[in-house]
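Colleague: Got a structure for you, questions after.
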Amino acid sequence: MDDLTFSDPKSTITLLIGSSDPPIEMVVHQEAACAGSPVLRAAFCGNFMEGRTKTYRLAHVDEATARLLVQWLYAGKIVTIQLKEDWKYDPKDTEIMIAEHNSLVDLWVLADELQMPTLQDCAVTTLFQIQRKTRNRLNWSWQRVYRKTSESSKLRLYICHLCALQIRPTSYSYYKDFIPYEMLMDIAQTLSDGLFRNGKLDLKLSDYLVEEG
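According to full-length UniProt numbering, the sequence shown is numbered sequentially starting from 1.
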């Protein structure tokens, strides 16, 4: 992403978030939006309605996910509760964890839609780091991942490898309400393909990053 100069600080666009009427409005400098996403650049710099109205509708996106997008557009990074140094797991925080996992999945999907592979990599890297810190298998988000991504998705690949590595054979029954059938087949394929290094499957973050064209 190019460095922002804010040469025209009064030039802004509005992201219309969610399906409510009226939607949530998030005002962003046009330079930041166009520098971060080729889709937004085409929308606002081309001969499209968005360029005339200076608005872009994201009806399928919630506010939490949109906030992460805006953080990235300005700072090139995102902030998550679970990766703060002073954060420690407490069962009372389960709802916060679920919401954050889901927002990161949705951010990965939105970044794919907006052609932002670096943001996709940031989202999966953040999930990777959260999992390493909390030892949580992200099971609350498995169905969401499979519902919102395609068969060749790197995010699916990460979730599949994570489960194949960390779920004991006797524990699959515990996760039966979390694992979609398609995911179970992918795990079986992973194991039968012999994706093992030195006798066991390993998680390498580089396997789950999106190759920028």
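Here a beta-carbon is modelled for each residue, glycine too, at the ideal position from N, C-alpha and C. Note that the structure is a prediction, hence the values are computed from the model and not measured.
Can the beta-carbon of serine 103 be found closer than 8 Å to that of alanine 64?
Modeller: Cβ atoms of serine 103 and alanine 64: closer than 8 Å.
Colleague: With 16 as the cutoff for other CB atoms within 10 Å, does threonine 126 come out buried or exposed?
Modeller: It counts as buried.
Colleague: Residue range of the beta strand (DSSP E) that isoleucine 17 falls in?
Modeller: Start and end: 12-17.
Colleague: So, at 8 Å on beta carbons, what are the nonlocal neighbours of glutamine 71 in its own chain, with the 5 sequence-adjacent residues on each side left out?
Modeller: Same-chain partners within the cutoff: Lys77, Ile78, Val79.
Colleague: Could you please give the first and the last residue of the uninterrupted beta strand (DSSP E) stretch that includes isoleucine 24?
Modeller: Unbroken beta strand (DSSP E) run through isoleucine 24: 24-29.
Colleague: Under the assumption that isoleucine 17 contacts lysine 54 (Cβ atoms under 8 Å), give the Cβ distance between them as a whole number of angstroms.
Modeller: Going by Cβ atoms, the distance from isoleucine 17 to lysine 54 rounds to 15 Å, so no, they are not a contact pair.
Colleague: Short of 6 Å in beta carbon distance, which residues of its chain neighbour cysteine 163, apart from the five on each side in sequence? Order them along the chain.
Modeller: Counting only Cβ-Cβ distances below 6 Å, and skipping sequence neighbours, we find Ile187.
Colleague: Return the CA-CA distance between glutamate 212 and leucine 119, expressed in angstroms with no decimal places.
Modeller: Their backbone Cα atoms lie some 11 Å apart in a straight line.
Colleague: How do the segment 167-175 and the segment 87-107 stand: do at least 3 beta-carbon pairs fall below 8 Å, yes or no?
Modeller: The answer is no - the segment 87-107 does not touch the segment 167-175, with fewer than three Cβ pairs under 8 Å.
Colleague: So, under 8 Å CB-CB, valine 39 and leucine 114 are touching, yes? Tell me the CB distance rounded to an integer number of Å.
Modeller: With 8 Å as the limit, valine 39 and leucine 114 qualify as a contact, their Cβ atoms being about 5 Å apart.
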